[in-house]
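Quick notes on the structure that follows.
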Amino acid sequence: MIDTMQKRQSIRTYDTKNISESDFTKIKEYIKKDENFKGPFGYQGRVELVQVTNYVTDKGIKLGTYGFIKNQKGYLVGLAENHKDSLLDFAYCFQKLVLYLTDLEIGTCWMGGTFNRNSFEQEISIQKGEFIPCITPIGYPNEKQRVFDKVARMVVKADNKKAWDKLFYDTDFTAPLTKEKAGELEIPIEMVRLGPSASNKQPWRLVLSEDRKVVHFYIEHTPNYSSKLGYDMQLLDIGIAMCQFDIACQELRMDGEWFKEEPVMLLPNENVEYMVSWKTR
Ligand SMILES: Cc1cc2nc3c(=O)[nH]c(=O)nc-3n(C[C@H](O)[C@H](O)[C@H](O)COP(=O)(O)O)c2cc1C
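Okay, so the sequence shown: first residue is 1 according to this note's numbering, each after it adds one.
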């Protein structure tokens, strides 16, 4: 999975080739299992598959992605409750799904903004208390990345991942964390850095405790980022970071658990907010 996290990138242009029956079966099996969409805080989300042929669903609905996406063979549509912990949980699970698909060599692109929510809401039966935090198109990646993909990546500076000293801190926010000082947590922390984030804002900030046993996760909000959409999209980025971190720890056989207890610490600015902590067991 560490390899998978290293090679994943958002795909916006897909191959014209259909997704194989066996891959579709695997996807259907995966999303059918409730436990795959129950996150660390215990909230249950779910995902529905919508297949499309020539951009139109079985119901005849044309799902709008504003020309951002080409040749997709379907969508995975996420559904969750709209509050902080359920969004963290949902994003944690959706990123796990993204990595599962990456492993099957199926391309994905987290989308929270550039799709028409109304058309998706018509397609899916949404239950009380649910909304669509994000979707991903699916399909095999097109080898020859369309010019548009390159431009889209340039606009959001997708290849511009922030350096360690802008994201990770040692003991408190005054000292940046170096890879050497991160010790055995270097790889899990690096996986946070490689994760996708809305508009590639990379809002996660991590503080490693002095005894090297606890990692505190903070968010640096981009003011008014998604206020028009009626939910805090950047919370999804934190759930993604938790997922990347956790999966790397599991692969490296480092046992740990999530908890919430905000440490006493001076925050660098008013946009920074405590989210969650992880400690070794
Ligand atoms: C929560 C979330 C929402 C996103 N929404 C969109 C979107 O609406 N449209 C889009 O083209 N990309 C969207 N992205 C993809 C990001 O632009 C992309 O992850 C980022 O530029 C980093 O590139 P990478 O995924 O290739 O590492 C979203 C990503 C996340 C995590």
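Backbone N, C-alpha and C fix where the C-beta goes; we use that ideal spot for every residue, glycine too. These numbers were taken from a predicted model, which means no experiment stands behind them.
{"Item": "Can you name the residues that DSSP bridges to residue 277?", "Value": "216 and 259"}
{"Item": "If contact is defined by three or more beta carbon pairs under 8 Å, each pair taking one atom from either stretch, is the region 88 to 106 in contact with the region 152 to 159?", "Value": "no"}
{"Item": "Assign residue 66 to one of two classes, buried (16 or more other C-beta atoms within 10 Å of its C-beta) or exposed (fewer than that).", "Value": "exposed"}
{"Item": "Count the other CB atoms, across all protein chains shown, that sit within 10 Å of the CB of residue 80; report buried if there are 16 or more and exposed otherwise.", "Value": "buried"}
{"Item": "Identify which residue in 271, 279 and 121 has its Cα closest to the Cα of residue 257.", "Value": "279"}
{"Item": "Provide the residue span of the alpha helix (DSSP H) that contains residue 204, from first to last.", "Value": "Per DSSP, residue 204 belongs to no alpha helix (DSSP H); it is in the beta strand (DSSP E), 204 to 208."}
{"Item": "Where residue 338 and residue 52 are concerned, what is the direct C-alpha to C-alpha distance, given to the nearest angstrom?", "Value": "Because the chain is modelled from 1 through 281, residue 338 falls outside the range shown and cannot be assessed."}
{"Item": "Where do the N-terminal and C-terminal ends of the alpha helix (DSSP H) with residue 138 fall, by residue?", "Value": "Note, residue 138: premise wrong, no alpha helix (DSSP H); beta strand (DSSP E) at 135 to 138."}
{"Item": "Should residue 252 go down as buried or exposed, given a rule of 16 or more other Cβ atoms within 10 Å for buried?", "Value": "exposed"}
{"Item": "Excluding sequence positions up to five away, which residues of its chain have a Cβ less than 7 Å from the Cβ of residue 134?", "Value": "78, 94, 110, 111, 112 and 236"}
{"Item": "Between residue 172 and residue 207, which are expected to be in contact by the criterion C-beta below 8 Å, what is the C-beta distance as a whole number of angstroms?", "Value": "6 Å"}
{"Item": "Quick check: the Cα distance between residue 73 and residue 10, rounded to an integer number of angstroms?", "Value": "16 Å"}
{"Item": "For residue 1, which residues in the same chain have their Cβ closer than 7 Å to its Cβ, ignoring the five residues on either side in sequence?", "Value": "99, 247 and 251"}
{"Item": "Please list, in chain order, all residues of the same chain as residue 114 whose beta carbon is under 7 Å from its beta carbon, the five residues on each side excluded.", "Value": "65, 66 and 68"}
{"Item": "With a threshold of 7 Å, establish whether the CB of residue 156 neighbours any heavy atom of ligand 1.", "Value": "yes"}
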